[in-house]
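Residue numbers (numbering that gives the first Met the number 0), protein chains in the order written: chain A, 0 to 282; chain B, 0 to 348; chain C, 0 to 265.
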Amino acid sequence: MSTFRNLVKPYMLWMGIFIVIPMLLIIFYAFTSEGNSVITVKFTLDNFIKFFDSVYIKVLIKSLQIAFVTTIICIIVGYPISYVIANTSSKVQTLLMLLITIPMWINTLVKTYAWISVLSDNGIINSLLVKLGLAPISMMYTDFAVILGMVYNFLPFMILEIYTALAKMDKGLIDASSDLGANKVQTFQKVIFPLSLSGVISGITLVFLPSVSTFVIPKLLGGGQYMLIGNLIENQFITVGEWNFGSAISLIMAMIILISMYFTRKFDQDKVENGNKKEVKHA
Amino acid sequence: MKKIIKLGAVLLLAVTMFGCSGDTKEQLKVYSWGVYIDPEIITEFENEYDVKVIYDTFESNEQMYTKLMGGEKYDVLVPSDYMIERLIAEDQLQEVDLTKIENFAGLMEGVTDLSYDPGNKYSVPYFWGTVGLLYNTTAVDQAVVEQQGWNLLANTDYKGKVFIYDSERDVFMIALKALGYSMNTVDQAEIDEAAAWLTNVDDTMEPVYVTDDVIDAMIAENKDIAVMYSGDAAYIMTENEDMNFFMPEEGTNLWVDAMVIPKESTNVELAHAWINYMLDEEVAATNSSYVGYTSPVQAVYDEMSGVGGEYEGNVAYIPRLGYELDETFHNNEDIRKVIADLWTRIKSN
Amino acid sequence: MRKSKWQKIMPVLLIALALFFFYLPIILTMFFSFNSSRSLSSWSGFSLQWYQSLFNDRAIISAVTTTVSIAVISTLIATVVGTIAAIGISHTKPLIKELILSVNNLPILNPDIVTAIGLMLLFTTLQIPKGFTTMLLAHIAFCIPFVILSVLPKLRRLDPNIAEAAMDLGATPWQALVKVIVPQILPGIISGALIAFTMSFDDFVISYFVTGNGVKNISILVYTMSKRINPTINALSTIMIIMVTVVLIVINIIPLFKKKERTVLE
Numbered sequence: 000m001s002t003f004r005n006l007v008k009p010y011m012l013w014m015g016i017f018i019v020i021p022m023l024l025i026i027f028y029a030f031t032s033e034g035n036s037v038i039t040v041k042f043t044l045d046n047f048i049k050f051f052d053s054v055y056i057k058v059l060i061k062s063l064q065i066a067f068v069t070t071i072i073c074i075i076v077g078y079p080i081s082y083v084i085a086n087t088s089s090k091v092q093t094l095l096m097l098l099i100t101i102p103m104w105i106n107t108l109v110k111t112y113a114w115i116s117v118l119s120d121n122g123i124i125n126s127l128l129v130k131l132g133l134a135p136i137s138m139m140y141t142d143f144a145v146i147l148g149m150v151y152n153f154l155p156f157m158i159l160e161i162y163t164a165l166a167k168m169d170k171g172l173i174d175a176s177s178d179l180g181a182n183k184v185q186t187f188q189k190v191i192f193p194l195s196l197s198g199v200i201s202g203i204t205l206v207f208l209p210s211v212s213t214f215v216i217p218k219l220l221g222g223g224q225y226m227l228i229g230n231l232i233e234n235q236f237i238t239v240g241e242w243n244f245g246s247a248i249s250l251i252m253a254m255i256i257l258i259s260m261y262f263t264r265k266f267d268q269d270k271v272e273n274g275n276k277k278e279v280k281h282a
Numbered sequence: 000m001k002k003i004i005k006l007g008a009v010l011l012l013a014v015t016m017f018g019c020s021g022d023t024k025e026q027l028k029v030y031s032w033g034v035y036i037d038p039e040i041i042t043e044f045e046n047e048y049d050v051k052v053i054y055d056t057f058e059s060n061e062q063m064y065t066k067l068m069g070g071e072k073y074d075v076l077v078p079s080d081y082m083i084e085r086l087i088a089e090d091q092l093q094e095v096d097l098t099k100i101e102n103f104a105g106l107m108e109g110v111t112d113l114s115y116d117p118g119n120k121y122s123v124p125y126f127w128g129t130v131g132l133l134y135n136t137t138a139v140d141q142a143v144v145e146q147q148g149w150n151l152l153a154n155t156d157y158k159g160k161v162f163i164y165d166s167e168r169d170v171f172m173i174a175l176k177a178l179g180y181s182m183n184t185v186d187q188a189e190i191d192e193a194a195a196w197l198t199n200v201d202d203t204m205e206p207v208y209v210t211d212d213v214i215d216a217m218i219a220e221n222k223d224i225a226v227m228y229s230g231d232a233a234y235i236m237t238e239n240e241d242m243n244f245f246m247p248e249e250g251t252n253l254w255v256d257a258m259v260i261p262k263e264s265t266n267v268e269l270a271h272a273w274i275n276y277m278l279d280e281e282v283a284a285t286n287s288s289y290v291g292y293t294s295p296v297q298a299v300y301d302e303m304s305g306v307g308g309e310y311e312g313n314v315a316y317i318p319r320l321g322y323e324l325d326e327t328f329h330n331n332e333d334i335r336k337v338i339a340d341l342w343t344r345i346k347s348n
Numbered sequence: 000m001r002k003s004k005w006q007k008i009m010p011v012l013l014i015a016l017a018l019f020f021f022y023l024p025i026i027l028t029m030f031f032s033f034n035s036s037r038s039l040s041s042w043s044g045f046s047l048q049w050y051q052s053l054f055n056d057r058a059i060i061s062a063v064t065t066t067v068s069i070a071v072i073s074t075l076i077a078t079v080v081g082t083i084a085a086i087g088i089s090h091t092k093p094l095i096k097e098l099i100l101s102v103n104n105l106p107i108l109n110p111d112i113v114t115a116i117g118l119m120l121l122f123t124t125l126q127i128p129k130g131f132t133t134m135l136l137a138h139i140a141f142c143i144p145f146v147i148l149s150v151l152p153k154l155r156r157l158d159p160n161i162a163e164a165a166m167d168l169g170a171t172p173w174q175a176l177v178k179v180i181v182p183q184i185l186p187g188i189i190s191g192a193l194i195a196f197t198m199s200f201d202d203f204v205i206s207y208f209v210t211g212n213g214v215k216n217i218s219i220l221v222y223t224m225s226k227r228i229n230p231t232i233n234a235l236s237t238i239m240i241i242m243v244t245v246v247l248i249v250i251n252i253i254p255l256f257k258k259k260e261r262t263v264l265e
């Protein structure tokens, strides 16, 4: 209906200004060098070459490592929790999921700040340890604190995704499996886990990719020496003032994430297709 | 459906009006350091001049500069000496009309007419001080501190017990001084040596790089040694008697933070009123007492550091004047970039 | 097969531990907001002083006002614009539709720091003074895609003929839009609006980069104030936590009541 089609045109204009142009600006800054006016633009790959220095590659690798560890922990901790919740009665499920999702809606800064006073050297945990006569542990400004903060922030998302996948599952399949002689472990391995995999993958998308680019949690809990990619970008723009280099890093990171998302989508689609094929075969 | 639209419109209107209220009074935009003023002073100024003050804070001169270059408009800035030098060189400031700043006469001698702004054409001092080592006397021997000076930060006996301020200039100043060089050196070899010194500290000492969060952390004795600005040290020492402050013999940075008026300020009259207000004896006394930094106003300095004063005998409140190895920063764009880049690399490691 | 004691206890233990983990910092934050001393780790007595200082702190009140007004305004605008755009998108040809959706999804797929940098560069280049306006524009910009993504699935399930039928019967396109299409996609619009509101309210990174001239939202405020021990932030946090909890509980309980009504009527 052409009349309705026109409704999208104003938004296309908006997108052009607020989505396309910003990206073009980042690309522009990334490929030019400092101190250029519109007339004397100098195109260069220097900003990218600068990034491929071992120091900055280390930052990228560390970001990927932290994101990876966070995601793995979220899966290992989140899956059992989702599984248990999915197997409770419907009323309890609603209650538990409500309790799990409330922290999701609380402001990230507020949540992370709350952890500072818990983990601090003179914070609550250490005060307790001292009272019990034990030695205090220095937890702030460590990998532990950062990963803890990240897991705390992202775990509800993982639980939500896995739970949704588990809850949607056709219980009939589980019954069928045990009718055909499989024990609980086999049923889990061959029926439940594969079918819940899409939930795990959605969870990974919601946890891994934002973790790579986060800078608030590392900054608050990790201190100035915690340089992840997000911190590096912020540092280049706000403190150092190297907008060109900062844009190049932003572009690299955006590319990494967009490509990862593309592959996760493909993987998910393939899984669904293959999964359907398998079902047809067995049936 | 119509009800929803009506409700939405009313809400929109109410919220927009609410959000835009307070636009009627004249406004003064001040951009200064965090925790650098007694909030009551802002309120008192607003009441006395019937204006609204928008007070925004930054964590470093570099951050302030970036925001300024990004197009933000302020009426009063409070940068440090070398940044003022840079802003003057880049023609970003207006001249200050000293005839409107009567309280200028009350300033201490050592703090005016310095090399970053001869004749104080563009700036009026706000607070000043030095950079030194704050240490816990129960954990670190005073003799050790005095003997090792800046190299204490590399002393592996205190591994894991050190806070270092996350500021590229200050850390390079420390490294250069520890190696016996001038903090304003343009010699690449010396700078590289300083970078190596810092890398060594980063590798062997497990230092924690902090900004203002170091203040409460040291009051709570979370670590034993910290690089500290004199004013923060003075404050901490009033809150925790075990803490002491030392300015190393290798020399340190004598700095001044001063008030300037950006070229694009439209509220020049009010800006001058603010600057003058900050130097008023009572206001400056309240301010210095609250923040802990040394006031440039002679009468206030005498009162605070003198007999019965709040900071009597407080080593951190009294800046070391006339010590030849103490230097003020000079701005050098190229070196600044080099140092900024090096510091990012050291932190990324 | 009877479950062993372990098998019964383990799940309960797991859930208990999970809830403990999630709520420990939250409860402690709320607890110490009532502390009579400035400590966040040792209790010295009950006091409402931090709530008092909260309501007296101009900077905090200003930040809250900014956050709420930006969230409300950007949600309203984003919902309207997003819904209209979504309707338009659902009627475009597949190729163009793919293109539009790819661009539309960029703010969602991109890490928020990249979106933030892009918008900051935009405002600097266009020399728009940074502050409330830029924050608002930025929020609208990242909220609209969420609304669209929320409304589109509902539009897909719509019977394409009903709107046409309405117009055949004499309704103007506008009437067909408002009286036929919108009511059917209302759940999508509402959930889109809720997501937009939350994204705006909770935003830190984008606001941090595009704001200026002293304009702060709650997230930025907490970020700058977190450097010093400040139980006033705990007080603010407590209020926010309670509000979120109440809203979520209400949202989840209302359907239950509606169900009860229906069963009673039946």
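For every residue, glycine included, the Cβ atom is placed at its ideal position computed from N, Cα and C. Nothing here was measured: the structure is a model prediction, and the numbers come from that model.
Pick from the options that is closest to residue i, judged by C-alpha positions
{"i": "E45(B)", "options": "A272(B), E323(B), L113(B), Y73(B)", "result": "A272(B)"}
{"i": "L53(C)", "options": "T244(C), M239(C), V243(C), T171(C)", "result": "M239(C)"}
{"i": "F245(B)", "options": "F103(B), E145(B), V123(B), D90(B)", "result": "E145(B)"}
{"i": "W13(A)", "options": "I143(C), N55(C), I232(C), T65(C)", "result": "I143(C)"}
{"i": "D201(C)", "options": "Q126(C), Y222(C), I184(C)", "result": "Y222(C)"}
{"i": "I349(B)", "options": "V259(B), R319(B), E167(B)", "result": "Any question about residue 349(B) goes unanswered here, given that chain B covers just 0 to 348."}
{"i": "F192(A)", "options": "F47(A), I123(A), K167(A), L205(A)", "result": "K167(A)"}
{"i": "S116(A)", "options": "P24(C), W42(C), E97(C)", "result": "P24(C)"}
Residues of its chain near residue i, where Cβ-Cβ distance is below 8 Å and the 5 sequence neighbours each way are ignored
{"i": "V145(A)", "result": "I65, I216, P217, L220, G221, Y225"}
{"i": "K158(B)", "result": "T203, M204, E205"}
{"i": "M28(C)", "result": "What sits at residue 28(C) in the sequence shown is Thr, not Met. Excluding residues within five positions, the ones whose Cβ falls inside 8 Å are N233, S236, T237, I240."}
{"i": "V11(C)", "result": "none"}
{"i": "S32(C)", "result": "W49, Y50, P230, N233, A234, S236, T237"}
Cβ neighbours of residue i in the same chain (closer than 6 Å, five flanking residues each side left out)
{"i": "F196(C)", "result": "A70, T74"}
{"i": "Y115(B)", "result": "D80, I83, E84"}
{"i": "I139(C)", "result": "S73, I76, A77"}
{"i": "K28(B)", "result": "I53, Y73, D74"}
{"i": "A194(B)", "result": "L341"}
{"i": "S35(C)", "result": "S43, G44, S46"}
DSSP bridge partner residues for residue i (one or two, in chain order)
{"i": "S38(C)", "result": "For S38(C), which the question treats as bridged, DSSP gives no partner whatsoever."}
{"i": "M134(C)", "result": "According to DSSP, M134(C) bridges with nothing at all."}
{"i": "T252(B)", "result": "Correcting the residue identity first, residue 252(B) is Asn in this sequence and not Thr. Looking at the DSSP assignment, N252(B) forms a beta bridge with E326(B)."}
{"i": "P261(B)", "result": "L92(B)"}
{"i": "N135(B)", "result": "M242(B)"}
Cutoff 7 Å; reference residue i; Cβ partners in own chain excluding five residues on either side
{"i": "Y276(B)", "result": "F44, V282"}
{"i": "Y28(A)", "result": "W242, N243, S246"}
{"i": "T114(C)", "result": "P106, F141, I205"}
{"i": "I235(B)", "result": "L133, I214, M217, I218, M242"}
{"i": "D49(B)", "result": "K24"}
Under 9 Å by beta carbon: chain A residues contacting residue i
{"i": "L344(B)", "result": "Residue 344(B) is actually Arg in this sequence, not Leu. Under the 9 Å cutoff, chain A gives D52, V54, Y55."}
{"i": "E61(B)", "result": "I237, T238, V239, G240"}
Proximal chain C residues relative to residue i, where beta-carbon distance stays under 9 Å
{"i": "V206(A)", "result": "The premise fails here: V206(A) is roughly 13 Å from chain C at the closest Cβ pair, so nothing lies under 9 Å."}
{"i": "D55(B)", "result": "G211, N212, G213, V214, K215"}
Any non-hydrogen atom of the ligand COA within 8 Å of residue i CB
{"i": "E192(B)", "result": "What this structure holds is no ligand at all, so the ligand COA is not there to describe."}
Residues that residue i contacts on chain C, provided the C-beta gap is smaller than 8 Å
{"i": "V75(B)", "result": "Within 8 Å Cβ-Cβ: nothing; V75(B) doesn't reach chain C, min ~12 Å."}
{"i": "K72(B)", "result": "P128, N212"}
Contacts that residue i makes with chain C (C-beta to C-beta distance below 7 Å)
{"i": "V19(A)", "result": "V102"}
| Listed from N- to C-terminal order along the chain, which residues in the region 115-143 of chain A have their beta-carbon within a distance smaller than 8 Å of any beta-carbon of chain C? | I115, S116, V117, S119, N121, G122, I123, N125, S126
| field | Proximal residues, the region 147-160 of chain B versus chain A, C-beta separation under 7 Å | value | none
| When Cβ atoms are compared, which residues of the region 206-230 of chain A fall closer than 9 Å to chain C? | L208, P209, V211, S212, T213, F214, V215, K218, L219, I228, G229
| request: Name, going along the chain, the residues of the region 211-222 of chain B whose beta-carbon falls closer than 8 Å to a beta-carbon of chain C. | output: D211, D212, I214, D215
| For the region 133-165 of chain C, which residues have a CB atom closer than 8 Å to at least one CB atom of chain B, in sequence order? | none
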